[in-house]
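Q: In the working numbering, the protein residues as written are 1417 to 1539. What follows is a structure written as structure tokens; I'll ask about it next.
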């Protein structure tokens, strides 16, 4: 998906999301790397998820992170889900592809394994 005027839009989708530190963290890195864009919280009730995900494309989003309670439910609403997410049984990242389709990924497992490796390498 092309970025209109070089501006990238992303966010975190869940319910609730007001407490999330993701917008602060991702906005910091956007600014630090000179990327024109915004990372916003997207509070979506579970009964609205089916309508919200296609809205990502309509609103020009590049993608979003997914938090509770949508990590499992979102999988069935995506065009593609990678093998890692399928094996974990949940997505935590949705990418709006160039053709407008939605792909799901999960990097929670990798983060967990990396924290274990770091912990035990220091022990």
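Just so it is clear, CB atoms sit at the ideal spot from N, CA and C, and this is done for glycine as well.
Using 10 angstroms around the beta-carbon of residue 1418, count the other beta-carbons present and answer buried if the total reaches 16, otherwise exposed.
A: Low confidence applies to residue 1418: its pLDDT is 48, below 50, so where it sits in the model is not reliable enough to give any reading.
Q: Of all the alpha helix (DSSP H) runs that stay within the bounds of the segment 1455-1523, which reach a length of 4 or more residues?
A: Contiguous alpha helix (DSSP H) elements confined to the segment 1455-1523 occur at 1465-1474 and 1499-1504, taking only those with 4 or more residues.
Q: Return the first residue and the last residue of the beta strand (DSSP E) that residue 1424 is part of.
A: 1424-1430
Q: What do you get for residue 1405, buried or exposed, if any count of 16 or more other CB atoms within 10 angstroms of its CB means buried?
A: Nothing in the structure corresponds to residue 1405, since the chain is present only between 1417 and 1539.
Q: Considering only the alpha carbon of each residue, which of 1505, 1422, 1529 and 1482 lies closest to residue 1436?
A: 1482
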